[in-house]
Amino acid sequence: MLKLDNITVQFGGLTAVNGVALAIGAEEVVGLVGPNGAGKTTLFNVISGLVKSTGGEATFNGADVLKAPMYKRARMGIGRTFQIPQPMHELTVRQNLQVAQRFGTGSVNREKIDEILYFLHLDDKAERDAATDLSLSELKALEVGKALATAPQLLLLDEVLAGLETASKRSFMKTLGVLHQTYRISILIIEHDIETISTLCPRVCVLNHGQLIADGTPQGVFSNPEVIRSYTGGGHD
Amino acid sequence: MKQRTQIVILLVALYVVLPFLLKGNTYVMSILVASLTIAGVALAWALLGNLGGMVSFGHAAFFGVGSYISAIVTMKLGVPIFAAILMGGFGATIASIAVLPALRLSGPYFALAILAYAHIFKILATEFTSVTGGAGGLLGIPPLPTLLGFNFGSKLGAYLVIITIILVFAFIYARIRGSYYGFALRAMHESEDATRVVGVNSTLLKALMLFLSAFMTGVVGAFNAHYINFLEPDYAFHIGWTMLPLVAAIFGGYRTLSGPLIGAVVVYTVDQLVFKSLIPSGHQIMLGVLLGIIILFAPDGLIPLLKKTVRRVRQTGKCRPPQTDATC
Amino acid sequence: MIELILQSLYSGLLSGGSYALIALGLALVFGTMKIINLAHGEMVLLAAYMAYLMESKLTLSPILAIPLALVVSCLVAVAIYFLLSRISKNRELNSLILTFGIGIILTNAILIIWSADIHSTSSPGFQEPVVLGPLFSMRSELGFFGVSIVLVAALWWWLSRSWYGRALRAVSSNRDAAKLMGINPHRTEVVSFVVAGILASFAGVALYCTSVIQPSLGSSLTSKAFIITVLAGIGSIPGVLVGAILIGIAEAMTVTLYSSALQELTSMVLFLLVLFVLPNGLFGAAGRRG
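Chains as they are written, first to last, in the working numbering: chain A, 476 to 712; chain B, 69 to 396; chain C, 105 to 394.
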């Protein structure tokens with residue numbers, strides 16, 4: 476479905492992403508891990524259009540992703556969340572989802588919005604002001620909700636579980652499983668916690684210094700000596 | 069239902085009661101028409117500010133272009149006046165296409181880039197003497213016509229025309245604001261990336277708001293040309309056509325629909341009747357003071373402030389029975 | 105023809121130098137606080153009126169007005185800073201609107217006090233011609249240019265060498281981090297406003313000695329200063345000089361080759377071109393504007 480080939484991003488002299496090649500199939504759930512500054516979020520930014528790549532190619536269902544403007548990528552079926560939640564200001568939770576649905580899919584479907592709100596446990600908060608009246612876990616849920624409302628085939632989740640306490644993290648993980656089952660979407664998720672990622676993802680990719688250094692099952696990847704080295708001292712910052 | 073009743077009362081007041089009461093008083097009528105002209109531009113300015121998220125220092129450009137185009141097509145091509153006024157609006161929209169590159173600039177840069185455009189348009193109007201009459205101006209612009217036996221060229225007629233223009237624009241504004249486009253536009257202020265990533269073509273939406281705002285300003289400028297019957301570049305592109313609507317909209321509250329309109333009528337009337345008689349030359353100093361006070365003490369403007377106060381007073385009344393001390 | 109072009113290059117160079125002094129204060133405040141002071145031109149103009157006051161009321165040389173102009177400009181600058189610091193939300197845009205309002209106040213205050221008449225210096229010494237080979241200028245123009253170069257150089261030296269300069273840069277690049285380093289951002293910012301006031305007062309007095317003043321001049325001084333700041337790129341002091349001279353020469357060439365009516369058009373078009381083509385200006389550090 477999504478195919479990245481030799482993606483490279485340079486900021487001035489710094490190479491944030493270096494020749495990454497990656498393919499994600501339909502309904503796959505893939506974890507993206509790596510030390511801080513490894514280029515994970517930058518890779519998300521390239522796919523969703525916030526950052527321009529300096530080299531490489533990306534296709535989504537055969538169509539060129541990198542040439543499409545940001546808003547078109549949402550309509551192609553790529554949804555994403557932000558690590559720091561970015562609710563749409565001045566709107567209620569429901570309006571956030573409505574805008575995402577209207578512009579991301581081109582049509583309006585109220586039942587679908589209700590369903591998403593229900594899945595994410597936001598149904599009783601639907602009329603709250605999204606920017607001011609939500610807790611962190613609710614904001615993270617709204618991030619996922621906005622992305623889901625665009626009816627994506629691929630969901631890019633940037634640390635949606637980070638910063639949550641154990642209980643809400645567990646329930647959020649369950650929700651993600653349900654969403655994956657119900658909507659039959661592919662998920663690429665950035666997450667630091669190895670236990671979480673091992674439970675959630677049958678496949679894990681590791682980035683270090685902008686390069687993809689491992690790709691495989693959690694057991695295989697986390698016993699890979701290069702991966703262990705990158706976590707114990709290879710990462711910068 | 070309640071809202072519908074309010075609208076009917078408002079329409080009766082504006083179209084029947086007010087004209088009936090003021091019909092004989094040409095002075096008050098002319099102040100009213102002039103203040104509504106400012107209100108029209110203020111509404112267009114606020115549309116761009118509230119929905120497009122862009123503060124403009126250059127609406128005089130659209131006002132001037134609209135007024136010149138309407139004057140020229142009536143005088144040189146004999147186009148009927150109401151059609152010409154619409155053409156003035158479209159002309160301003162076409163002029164705003166030149167401003168499109170400025171849309172990718174952020175807040176202050178956009179505000180000042182559009183100021184540069186206003187300067188450029190003014191210089192062009194002065195230099196294209198063959199079309200615009202140059203610095204000497206255009207004299208004898210045809211007045212609003214008599215239609216169906218009613219003379220729109222009278223003060224009362226001009227009032228009915230401008231109030232209709234404003235109500236139509238306010239209706240369009242309200243419809244957009246309540247639509248999904250309005251939601252997306254309002255959200256774009258603080259969270260542009262968040263809207264783009266869910267599929268909102270923010271550049272296109274902003275451009276549409278710019279076009280619409282320019283159109284509205286151009287129409288009001290065109291109306292004014294036929295009301296005043298005279299144009300010169302220094303008048304048509306005067307910074308005052310930016311400054312007064314800006315002060316009015318911010319005074320009333322530019323994120324509300326009624327704020328710019330009420331603000332314009334209040335600010336213009338007070339400026340003309342009070343400030344001007346106190347300080348004949350330099351009375352605009354009070355507009356500067358007003359702007360400063362609003363930005364510092366009520367940055368949301370007067371209408372939101374009043375609403376908040378009313379709500380607070382009501383709540384205090386509900387929660388606590390009247391007390392002896394003056395807490396309200 | 106060659107002589108005409110040489111002369112207009114020379115005049116452009118001189119007037120560009122004076123534009124630099126007018127723009128310098130605005131560029132400094134913009135560089136440190138990311139605030140465009142739309143009342144800057146009015147500050148310069150107010151100083152020019154101090155020179156007029158000195159000459160007309162006390163029949164003294166307008167140059168002696170510099171101390172008075174310094175006091176007035178700095179007071180106005182501090183007042184503007186004080187008001188700006190009280191803005192509670194949406195600082196970027198509200199500061200623009202607030203200083204726009206202050207500009208209206210100053211313009212009209214000048215209008216009320218001194219009427220709309222045009223004034224220029226009556227001391228003949230300033231208009232005396234200075235001939236350099238084929239090139240001609242007024243004595244006051246050369247003086248303005250000289251003062252401008254000296255002050256640009258002084259400001260540059262001060263910003264790059266002094267502790268304050270470093271503090272100013274720290275505050276402008278990261279206000280919170282500067283706070284942690286023990287720098288009081290309010291103090292550094294008020295200093296940049298005062299320095300802008302000092303520069304404005306020299307610019308104003310020089311302006312009165314070389315050219316004509318009237319109340320409505322303030323806003324066009326501001327827009328010229330802003331154009332130069334954009335041309336220079338945020339935070340570049342030498343850039344201000346180069347940008348100003350570029351504008352000066354472009355204007356002078358337009359006047360020589362086309363018509364004086366298009367003079368203002370040149371700088372506006374140059375401004376828009378730079379905004380769209382070189383978003384960081386000629387010398388600006390990388391920064392995001394769009």
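Heads up, the beta-carbon is just placed ideally off N, CA and C, and yes, glycines get one too.
CB-CB length for residue i against residue j, believed under 8 Å
i                 : j                 : result
Val386 of chain C : Gly343 of chain C : The residue asked about is misnamed: residue 386 of chain C is Leu in this sequence, not Val. So it is a contact: roughly 6 Å between Cβ atoms.
Ala624 of chain A : Gln576 of chain A : 4 Å
Ile499 of chain A : Leu629 of chain A : 7 Å
Glu613 of chain A : Leu597 of chain A : 7 Å
Glu502 of chain A : Arg704 of chain A : Rounded, the Cβ-Cβ distance is 33 Å, inconsistent with contact.
Leu550 of chain A : Gly579 of chain A : A small fix is needed here, since residue 550 of chain A is Arg in this sequence, not Leu. Indeed they touch by this definition, with Cβ atoms about 6 Å apart.
Ser523 of chain A : Val484 of chain A : Going by Cβ atoms, the distance from Ser523 of chain A to Val484 of chain A rounds to 13 Å, so no, they are not a contact pair.
Thr556 of chain A : Val679 of chain A : So it is not a contact: roughly 19 Å between Cβ atoms.
Collapsed DSSP secondary structure at residue i in the structure displayed
i                 : result
Asp712 of chain A : Low per-residue confidence applies at Asp712 of chain A: pLDDT is 42, beneath 50, and the placement is therefore not dependable enough to give any value.
Gln485 of chain A : strand
Cys178 of chain C : helix
Thr517 of chain A : helix
Leu329 of chain B : helix
Ser409 of chain C : Absent from the model: residue 409 of chain C. The displayed extent of chain C is 105 to 394, so no value can be given.
Val508 of chain A : strand
Gly394 of chain C : Interpretation of Gly394 of chain C is limited by its pLDDT of 35, a score under 50 that renders its predicted location unreliable; the figure taken from the coordinates is listed afterwards. Coil.
Ala626 of chain A : coil
Phe298 of chain B : strand
Ile137 of chain B : helix
Ile499 of chain A : strand
Asp368 of chain B : coil
Val386 of chain C : It is worth fixing the name first, because residue 386 of chain C is Leu in this sequence and not Val. Residue state, collapsed to three classes: coil.
Phe158 of chain B : helix
Asp393 of chain B : Interpretation of Asp393 of chain B is limited by its pLDDT of 44, a score under 50 that renders its predicted location unreliable; the figure taken from the coordinates is listed afterwards. Asp393 of chain B falls in the coil class under three-state DSSP.
Arg190 of chain C : coil
Continuous beta strand (DSSP E) stretch holding residue i: start and end
i                 : result
Asp690 of chain A : 686 to 691
Val85 of chain B  : It is not in any beta strand (DSSP E) - Val85 of chain B carries neither H nor E in the DSSP assignment.
Gly350 of chain B : Here Gly350 of chain B belongs to no beta strand (DSSP E), and DSSP marks it neither H nor E.
Val681 of chain A : 678 to 683
Ile665 of chain A : 661 to 665
Beta-bridge partners of residue i, as assigned by DSSP
i                 : result
Ile317 of chain C : C:His223
Thr534 of chain A : A:Lys478, A:Asp539
Thr567 of chain A : A:Asp604
Phe240 of chain C : C:Val235
Phe218 of chain B : B:Leu215
Val492 of chain A : A:Val484
Leu632 of chain A : A:Ile664
Leu206 of chain B : B:Leu299
Alpha helix (DSSP H) segment containing residue i, residue limits
i                 : result
Thr358 of chain C : 341 to 361
Pro301 of chain B : 301 to 304
Ile233 of chain B : 223 to 245
Ile672 of chain A : 669 to 675
Arg555 of chain A : First-last for Arg555 of chain A: 553 to 555, but that is the beta strand (DSSP E), not the alpha helix (DSSP H).
Gly205 of chain C : 195 to 218
Glu640 of chain A : First-last for Glu640 of chain A: undefined, no H or E at that position.
Phe380 of chain C : 367 to 381
Thr94 of chain B  : 94 to 118
Arg72 of chain B  : 70 to 80
Phe189 of chain B : 175 to 195
Burial state of residue i (16 or more Cβ within 10 Å)
i                 : result
Tyr362 of chain C : exposed
Arg379 of chain B : exposed
Gln71 of chain B  : exposed
Ile165 of chain B : exposed
Ser324 of chain C : exposed
Leu374 of chain C : buried
Ile222 of chain C : exposed
Ser404 of chain C : Because chain C in this structure spans residues 105 to 394, residue 404 of chain C falls outside the shown range and cannot be described.
Glu146 of chain C : buried
Gly121 of chain C : buried
Ser270 of chain B : buried
Gly208 of chain B : exposed
Arg382 of chain B : exposed
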